[in-house]
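Counting in this note's numbering, the sequence shown runs from 24 upward without gaps.
The structure appears below as structure tokens.
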Amino acid sequence: NPDFCARCARVMIPSDGRFNPGRLGAENTVDLPGPMRSGANDEELEQIYLRAVSLRKPYFGWVIPVAEEGGVVAGR
Numbered sequence: 024n025p026d027f028c029a030r031c032a033r034v035m036i037p038s039d040g041r042f043n044p045g046r047l048g049a050e051n052t053v054d055l056p057g058p059m060r061s062g063a064n065d066e067e068l069e070q071i072y073l074r075a076v077s078l079r080k081p082y083f084g085w086v087i088p089v090a091e092e093g094g095v096v097a098g099r
């Protein structure tokens, strides 16, 4: 649902600890446990979080057919 995704501010952190900046896909995960184990400080962890959020892509799973005149096709 593109409307839901456009207003969503959630990120997922599954059990493997990798940031997933969206709820509907795992193609842009960002490693969190590695830097934490290596002793990353708060500023470094903040940058990792900001990087994960910057990778968010809107979900456009719905395809809405559009008439040649630029309007939405009736009945869809």
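For every residue, glycine included, the Cβ atom is placed at its ideal position computed from N, Cα and C.
When you compare each of the options to residue i by their alpha carbons, which one comes out closest?
i: Gly-57; options: Arg-41, Asp-65, Val-34, Arg-30; result: Arg-41
i: Gln-70; options: Lys-80, Arg-60, Val-53; result: Val-53
i: Asn-51; options: Ile-36, Cys-31, Leu-68; result: Ile-36
i: Asp-39; options: Arg-30, Cys-31, Ala-32, Met-59; result: Met-59
Given residue i, which residues of its chain have a CB within under 7 angstroms of its CB, disregarding the five upstream and five downstream residues?
i: Arg-79; result: Pro-44, Gly-45
Whose C-beta lies closer than 8 angstroms to the C-beta of residue i among residues of the same chain, with five residues either side of it excluded?
i: Ala-63; result: Ile-71
By the 10 Å Cβ neighbour count, where 16 or more other Cβ atoms means buried, how is residue i classified, buried or exposed?
i: Asp-75; result: Looking at the sequence itself, residue 75 is Ala, so the reference to Asp does not match. Classification of Ala-75: buried, given that the 10 Å Cβ count is 16 or more.
Tell me the residue span of the alpha helix (DSSP H) that contains residue i.
i: Asp-65; result: 65–77
i: Gly-57; result: 56–60
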